[in-house]
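Since the structure comes first, as structure tokens, the remarks are kept for the end.
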Amino acid sequence: MEKTLNLKINCLPTLTWNFLKLNRAEVNESVVLNGRGQSIIQNIPNGVIVGNTDNCGDCNGCDRDGSEKIKDIATGMGEEADRFFSEVCDGTLMVRAKRGMEIREPLCLDYRLGSGDGTAVRQEIIAEEGSTVTVIMDYTSEREDRGFFGVQTRLHARKGAVIRLIKIELLGRNYLHFDDIGALVEDGGAVELVQMELGGGRNYVGVNTELAGYKSSFTGHTGYLCMGSQSLDMNYYIGHSGKKSESSLIVRGALKDKAKKNFRGTIDLKHGAKGACGDEQEETLLLSEGVLNKTLPVILCDEDDVEGSHGATIGRLSSDILFYMQSRGMSPGEAEILMTKAKLNSIRNQITDEKSIGRIQHYMEEAFDNER
Amino acid sequence: MEKERTEVNDIDRSMYDFRYSEDDFYRVDEGLTPEIVLQISKEKHDPDWMREFRLKSLDTYHKLNVTDWGPDISGLNMDDIVTYVRPNTKMSAKWEEVPDDIKETFERLGIPQAERTSLAGVGAQYDSELVYHNVKDEVSELGVVYTDMESALTGEYEQMVKDHFMKLVPPTDHKFAALHGAVWSGGSFVYVPPGVKVDIPLQSYFRLNAAGAGQFEHTLIIVSEGADLHFIEGCSAPKYNVANLHAGCVELYVGKNARLRYSTIENWSKNMYNLNTKRAVCEEGGVIEWVSGSFGSHISYLYPSSILKGDGSRAEFTGITFAGTGQNLDTGAKMVHIGKRTSSFINTKSISKGGGISTYRSSVTVMPSAEDAKASVSCASLMLDDISRSDTVPAMDIRTDKADVGHEAKIGRISDDAVFYLMSRGISEEDAKAMIVSGFADQVSKELPLEYAVEMNNLIQLEMKGSIG
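Residue numbers (the working numbering), protein chains in the order written: chain C, 11 to 382; chain S, 54 to 522.
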């Protein structure tokens with residue numbers, strides 16, 4: 011099925027000057043959806059239920075109320091993207107961690123894609139009260155592959171539950187990629203998100219997190235590498251409505267050649283969220299003349315008893331670091347690669363799964379080898 | 054036991070809230086039509102090119118939409134606004150010749166006294182026209198021109214005005230720039246010749262006295278190569294129950310290695326829609342310094358812009374915004390780096406209180422040509438109660454790898470730790486809190502001329518009582 015996309019996505023919750031072209035992203039292109047490239051689940055850890063929400067009544071321990079609630083969670087790419095996923099996805103893959111279970115082994119969802127594949131999938135991850143679950147999603151194809159891969163993931167961390175979601179995107183340079191995430195966190199719950207956005211040609215990432223519960227929390231770590239003509243458009247929204255809720259978002263990466271990147275990060279400290287605390291930090295290394303970087307870190311504050319902060323550092327490699335590296339015998343090019351790796355590794359270090367680390371490492375080495 | 058919350062009083066505007074009758078003033082009809090624009094043009098004895106410019110701007114105004122971002126301005130109906138009100142007097146260079154009630158207005162605002170003690174020249178505008186303009190002999194002897202825009206438009210500087218008027222802020226820039234182009238009146242023209250350093254500031258003061266009126270003054274300043282100027286702008290109005298509009302325009306041309314400091318204390322009344330546009334362009338080595346205090350108006354859209362065109366040019370913006378009850382102040386700055394080795398620094402503070410909304414909005418654009426550009430943005434917001442709101446929306450658009458851009462922002466309330474520390478040093482809790490809030494604003498007030506810093510401190514009358522909730 012060929013589908014023409016005319017979508018306004020990654021919309022800012024509060025608009026600003028239109029000349030900046032940051033209020034939203036627009037996708038106007040056709041994609042072929044052939045359903046190739048579904049997930050491969052190697053093994054299901056004890057305490058995790060995997061099923062399809064279309065027949066969730068068959069799942070032992072399934073909670074209809076929870077299933078309904080999760081459908082209402084807003085996602086970061088916005089309503090038009092949500093409609094797109096609703097139209098084209100058959101069913102939703104559901105992952106559920108049983109109440110009180112601390113599941114150490116990660117559930118791995120591997121998507122191996124090839125050239126010409128076109129797939130959109132929906133997923134839900136529910137961590138029942140007091141449970142802990144780690145899900146690793148890995149989207150991989152060959153470097154020059156062309157295609158479309160869209161994934162929408164809704165997360166619901168119930169009281170005292172922790173969801174660790176690790177997303178590794180290593181798609182081909184001619185892929186159009188959507189990663190649309192929505193999360194709801196209840197009292198004492200936590201969502202920990204790690205994203206490595208390394209591949210893909212045109213990448214759109216949206217993350218919407220609602221910290222609804224008392225002492226709920228969100229930590230986000232995103233690493234990206236955009237080279238050649240790659241583009242990455244990100245939209246993060248963290249809503250604090252729970253008292254003493256906390257959030258931290260760290261985004262680090264590098265742009266090279268003609269790469270483009272937009273980053274929108276919004277911390278919304280809502281009325282009544284007393285004691286809430288939100289922080290976002292962005293670091294971008296600019297490595298070539300032709301790069302384009304746009305950054306918009308927003309804080310919305312409707313409560314006085316809160317703390318909100320953001321910081322951004324955008325620029326080239328500092329001359330002091332470069333001088334030091336050169337005094338140690340490195341060329342400027344080698345110094346750039348080393349520092350880029352250091353930035354990305356600081357994010358990658360959030361991942362403990364050895365296989366995932368190896369895949370990221372391999373991808374990065376290959377990418378830098380092509381640059382040498 | 055329920056704790057008592059720190060109280061910080063709203064700004065006291067009583068010294069600005071007085072008015073006089075305008076029965077004998079000339080007014081055009083309410084609304085905005087080609088006939089009204091032509092009438093204003095005729096009253097002002099415009100040259101032909103300006104009349105055409107106004108009509109073209111009006112056409113542009115009708116073609117442009119109101120912005121889809123920022124505070125709601127649906128309460129502003131142009132059909133109710135009188136765009137031109139002329140006092141029944143001519144501009145004079147002597148206060149004695151200014152009508153008593155108008156003179157009294159400026160006396161109460163302290164303008165003549167400031168002129169005597171600390172200014173090189175003063176322009177005073179009342180509604181749509183300047184009523185007083187004077188510059189000290191020693192300054193004019195240096196070749197400095199400081200006059201009203203109308204005189205500049207028809208005198209020996211007409212060509213200079215024509216070459217610069219609304220070239221930095223074209224009417225197509227946005228709807229209210231187009232409105233300004235159509236109905237502008239009043240304002241000042243300043244020309245500082247090459248190498249001339251004006252040691253003491255020039256000041257223009259804009260007073261809007263008429264209810265339901267608009268003020269559209271145009272300020273055009275040209276600081277030539279190697280010259281130096283400090284220009285101060287002040288504005289106020291009494292409060293009415295109908296909407297008033299201020300859509301002024303400021304265009305600043307800073308020549309090679311020249312420096313211009315532009316200081317503003319804006320204290321419009323709380324029925325004012327302040328939709329002002331300010332922009333500067335700097336040639337090689339030029340420096341523009343903005344110091345801005347936004348305290349008044351119902352709605353404000355104000356983002357002074359600096360275009361760093363020349364290599365090595367520099368811009369600084371230091372601003373404070375105090376949004377109290379009934380106010381929605383959307384303020385900030387724009388920096389555009391074009392030349393090599395350009396640098397910019399934005400440092401802002403905002404305070405929200407009594408349900409006021411303060412938004413800090415900025416953009417830093419570094420073009421591909423701006424090699425070795427440096428930009429830094431720092432904004433801090435203080436929330437004084439839980440019924441107010443404070444947002445920060447800073448954007449950075451970087452198009453070269455040879456740039457260094459940094460940004461930091463923080464929002465919060467008065468820190469309990471800081472209060473505790475000061476109290477441990479023997480300072481009372483009330484004094485500690487007052488000290489913290491004063492210190493928060495101090496970084497901006499110290500950049501103001503002394504008399505304005507005093508005015509600002511008077512404006513922010515901080516009364517602290519009890520302990521924080």
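The C-beta atom is built at its ideal place from N, Cα and C for all residues, glycine as well.
- Nearest neighbour of E138 (chain C) by Cα position, chosen from C:I59, C:Y214, C:D190, turns out to be C:I59.
- Residue environment for N381 (chain S): buried (at least 16 other C-beta atoms within 10 angstroms of its C-beta).
- Between A300 (chain S) and F269 (chain S), the beta carbon gap of about 5 Å places them in contact (Cβ cut-off 8 Å).
- Taking a C-beta cut-off of 7 Å against chain S, none of the residues of the stretch 363–377 of chain C qualify.
- Residue-level contact by beta carbon fails for T350 (chain C) and chain S, as no gap is shorter than 8 Å.
- Look at D92 (chain C) here: in three-state DSSP terms it is helix.
- In terms of Cβ geometry, R80 (chain S) and V151 (chain S) do not form a close pair [threshold 8 Å].
- Across the set S:L313, S:G392, S:A290, the C-alpha of S:A290 shows the shortest separation from the C-alpha of H351 (chain S).
- With 16 or more neighbouring CB atoms inside 10 Å of its own CB, N20 (chain C) falls in the buried class.
- The distance from the Cβ of A200 (chain C) to that of T219 (chain C) is about 11 Å, inconsistent with a contact at the 8 Å cut-off.
- Taking the C-beta atoms as reference points, F284 (chain S) is found nearer than 8 Å to P254 (chain S).
- Chain order gives the chain S residues near H320 (chain C) as A462, where near means a beta carbon separation below 7 Å.
- Boundaries of the alpha helix (DSSP H) around K95 (chain S): 87–96.
- Residues of chain S with a Cβ closer than 7 Å to the Cβ of V215 (chain C) do not exist, since the nearest Cβ in that chain sits about 19 Å away.
- CA-to-CA, the gap between G409 (chain S) and K116 (chain S) works out to about 33 Å.
- Excluding its 5 nearest sequence neighbours in each direction, I176 (chain C) has C-beta neighbours in its own chain below 6 Å: I146, V204, I361, listed in chain order.
- For G163 (chain S), the closest alpha carbon among the candidates S:L111, S:L129, S:S257, S:A146 is that of S:S257.
- Residues are counted here when their Cβ sits less than 9 Å from a Cβ of chain S; for the stretch 296–316 of chain C these are L296, L297, S298, E299, G300, V301, L302, N303, K304, T305, L306, P307, V308, I309, L310, C311, D312, E313, D314, D315, V316, given in chain order.
- Taking the C-beta atoms as reference points, G47 (chain C) is found nearer than 8 Å to D127 (chain C).
- When DSSP reads this structure, V214 (chain S) sits in no beta bridge, so it has no partner.
- Taking CB atoms only, R326 (chain C) has a neighbour in chain S less than 8 Å away.
- Shown here, L221 (chain S) sits in coil according to DSSP, grouped into three states, outside any helix or strand.
- I440 (chain S) and Y121 (chain C) have their C-alpha atoms some 48 Å from each other.
- Cβ neighbours of A230 (chain S) within its own chain (closer than 6 Å, five residues either side excluded): V222, P224, T330.
- By the neighbour-count criterion, in which a residue is buried when 16 or more other Cβ atoms sit within 10 angstroms of its Cβ, N327 (chain S) is buried.
- Among the residues facing chain S, T323 (chain C) is included, as its CB has a counterpart in that chain under 8 Å away.
- DSSP places T272 (chain S) in the strand class (E or B) of the three-state scheme.
- For P165 (chain S) and I341 (chain S), the gap between their C-alpha atoms comes out near 27 Å.
- Residue-level contact by beta carbon fails for R332 (chain S) and chain C, as no gap is shorter than 8 Å.
- With respect to the C-alpha of E179 (chain C), the residue from C:L327, C:V161, C:A171, C:E196 having the closest C-alpha is C:V161.
- If you look at E220 (chain C), you'll find it in the beta strand (DSSP E) that goes 212–221.
- For A200 (chain C), the uninterrupted beta strand (DSSP E) run begins and ends at 200–207, by DSSP.
- Look at R466 (chain S): its C-beta is under 8 Å from a C-beta on chain C.
- Counting only Cβ-Cβ distances below 9 Å, S434 (chain S) has contacts in chain C at I309, C311, G318, in chain order.
- Per DSSP, reduced to three states, the secondary structure at A368 (chain S) is strand.
- The DSSP-derived three-state label of S193 (chain S) is helix.
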